[in-house]
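As structure tokens, the structure follows; a few thoughts come after it.
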Amino acid sequence: MIVRKATTDDLSIIKKLYWLLDTDAIYYQPDHFMLSERPDDFILDKINNEKTDFLLGEIDDETIGFILIIEKETPNISCLKKERYAYIFDFVIAEEYRSKGYGALLMQFSKEWGRERNLDSLKLSVFPDNYRGIEFYKKQGLITTMHTMKCSL
1 MIVRKATTDD
11 LSIIKKLYWL
21 LDTDAIYYQP
31 DHFMLSERPD
41 DFILDKINNE
51 KTDFLLGEID
61 DETIGFILII
71 EKETPNISCL
81 KKERYAYIFD
91 FVIAEEYRSK
101 GYGALLMQFS
111 KEWGRERNLD
121 SLKLSVFPDN
131 YRGIEFYKKQ
141 GLITTMHTMK
151 CSL
């Protein structure tokens, strides 16, 4: 598998993979998500932003997945330690390519992306019922640092 940064020419394949990702999101949290095509502007803004990249995984010229990674930093709040970090905003591998090591390769490239920018850590969010995903991230060296909770009002 090769990994490369997306260009504007990759818009249609990114939209196709987002459809898969959003279908998974609905499965895990149907009360929170609905299926909708991602707007071109959303994707193009990320492609053209210097602090953001889509890292595309390709096999034989077929894009099988991506990670949308963003350079972030902690807010300027006196009680928070300053940290610059890479944040995986979205991560999808086409179903037929899962559990074959391709996600791990994309994670390796994400870590390298952060190291090249001299960032302190890599962070992401995962659905609490996504047990396969949680185990995968643990194997990649990630640990749980916080839980997000909510209630209806």
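For the sequence shown, the UniProt record's numbering gives the first residue as 1, with consecutive numbering after it.
Beta carbons: idealized from backbone N, C-alpha and C, even for Gly.
Assumed close pair residue i, residue j - CB separation to whole angstroms, cut-off 8 Å
i: Ile67; j: Ile88; result: 6 Å
i: Glu95; j: Glu83; result: Not confirmed; about 34 Å, so no contact.
i: Leu20; j: Val126; result: The pair is not a contact, with the Cβ atoms about 16 Å apart (cut-off 8 Å).
i: Lys111; j: Tyr85; result: About 11 Å separates the two Cβ atoms, so there is no contact after all.
i: Tyr1; j: Leu105; result: The question names Tyr, yet the displayed sequence has Met at residue 1. That pair is a contact at about 6 Å.
i: Leu11; j: Asp22; result: In fact, because the Cβ distance is near 16 Å, the residues do not count as touching under 8 Å.
Rounded separation between residue i and residue j - CA only
i: His32; j: Phe54; result: 24 Å
i: Pro75; j: Asp120; result: 15 Å
i: Lys15; j: Asp45; result: 13 Å
i: Glu153; j: Gln29; result: The residue you asked about is not Glu; residue 153 is Leu in the sequence shown. Cα to Cα, the separation comes out at about 18 Å.
i: Gly65; j: Glu58; result: 7 Å
i: Cys151; j: Pro128; result: 15 Å
i: Glu37; j: Leu56; result: 19 Å
i: Lys100; j: Ile143; result: 22 Å
i: Ser78; j: Glu50; result: 27 Å
i: Glu62; j: Asp41; result: 23 Å
key: Segments assigned beta strand (DSSP E), at least 3 residues, entirely inside the UniProt domain "N-acetyltransferase" (1 to 153)   = 2 to 5, 52 to 59, 62 to 73, 84 to 93 and 121 to 124
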